[in-house]
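Following: one structure in structure tokens, then a few remarks.
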Ligand SMILES: Cc1cc2nc3c(=O)[nH]c(=O)nc-3n(C[C@H](O)[C@H](O)[C@H](O)COP(=O)(O)O)c2cc1C
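In the working numbering, the protein residues as written are 565 to 929.
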């Protein structure tokens, strides 16, 4: 079990979906960092369930109780513990699932790993609810980065086959990223919203679910953050991204599509602009050699369709040792993607802050 991340901005998450609460301990927040609880609440509300027809009907306030490390709106420099109480559980929904493994969910792998002692209710520690503490940590990280001129925002790049317009990889406007990061259904082209919502509704109507992709950018990132090999921006961000339940792919810049380009196009030609080195294109997503190159950091994170669906599925019953058919009732997100957008923004902020703290520790003076 590994519930912690980071060497400088250190996180340790805890909790289960249907336990008393979930939360995080954050170590490494510099003393004096402003902690704006209203802003934190706004980011938490974007991820919170029960607010949108594309989300689970489970209703949670997701208010963070800060138990330590903050006084009069500023970090004390000591560990900050944020607790989010669980209130909207219907644990009875899970009684019929005991021993009957949900395909696509962590039930079987978790049962084997923990010998059946793991809490299966609502997915237990595997639940997407555990991303709420990441949003809390990310809210603090992005506030620190914003003071340094870094803006982060994301949009729903696609749900199933319905695509939004892409972010401009070279000049994603900070004002656009701010608009997107204030939205619970962030889209560059609002005219695609109806089609996206219809796609989710149609899947839900036939007891199914859908996946999609979040595209996220950070602008104002200086060149020089990250390091080769294991401390690369790609590897540290991917560690966080693949820790988010339901994430199946991570791409930087053109991602897998870069294989279609010859080197002459995939290379981002460099130029001086007002005395600063910049690139004319951003096929590499702002990272070369594992280190930021001064271009916007551009990532795409693909999430699978929600595994818990009401449609009958073939699975196994560990109680009887037989195959069985499972219909999952209870409250589930027909599509995870809209709620995941703020989670992806949060982990990008956490990765960049962690690496910039490492950078400060390793740069020649
Ligand atoms: C914000 C968020 C909400 C989620 N909601 C649900 C849900 O309602 N039902 C469900 O079965 N899975 C949900 N998931 C996904 C599962 O937690 C995940 O698929 C499961 O733990 C297995 O992990 P894996 O998909 O990474 O292999 C959610 C994930 C996230 C990030």
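Note that CB positions come from ideal geometry on N, CA and C, so glycine has one too.
- Taken in chain order, the unbroken stretches of alpha helix (DSSP H) that lie wholly in the stretch 708–794 and span 4 residues or more are 738–744, 757–769.
- From the listed residues 856, 849, 928, the smallest Cα separation to residue 786 is found for 856.
- Residue range 877–881 is occupied by the beta strand (DSSP E) that includes residue 881.
- Under the three-state reduction of DSSP, residue 918 is assigned to helix.
- DSSP places residue 610 in the uninterrupted alpha helix (DSSP H) bounded by 601–611.
- In the pairwise beta carbon analysis, the stretch 566–582 is classified as touching the stretch 590–607: at least three pairs are separated by under 8 Å.
- Note: residue 638 is bridge-paired with 598, 635 in the DSSP secondary-structure output.
- Contact check for residue 902 against residue 870 fails: the beta carbons are separated by 8 Å or more.
- Comparing alpha-carbon positions, the option among 583, 638, 636 lying closest to residue 686 turns out to be 583.
- Remark: three or more beta-carbon pairs, one from each stretch, lie closer than 8 Å, so the stretch 703–716 and the stretch 740–760 are flagged as touching.
- Annotation for residue 897 indicates a beta carbon within 7 Å of some heavy atom of ligand 1.
- The bridge partners DSSP lists for residue 579 are 586.
- The C-alpha of residue 608 lies about 23 Å from the C-alpha of residue 595.
- Judged by DSSP in its simplified three-state form, residue 865 adopts strand.
- Shortest gap from the CB of residue 868 to any heavy atom of ligand 1: under 7 Å.
- When the five nearest sequence neighbours on each side are left out, the beta carbons in the same chain lying within less than 7 Å of the beta carbon of residue 764 are those of 618, 723, 774, 898, 899, in order along the chain.
- For residue 760, the closest alpha carbon among the candidates 749, 770, 909 is that of 749.
- The beta carbon of residue 861 sits closer than 6 Å to those of 782, 785, 850, all from its chain and outside the five residues before and after it, given in chain order.
- Non-local C-beta neighbours of residue 646 in its own chain, meaning closer than 6 Å and more than five positions away in sequence, comprise 587, 588, 628, 630, 700, ordered along the chain.
- For residue 837, the secondary structure class from DSSP, reduced to helix, strand or coil, is strand.
- For residue 646, no alpha helix (DSSP H) encloses it; the enclosing beta strand (DSSP E) starts and ends at 644–649.
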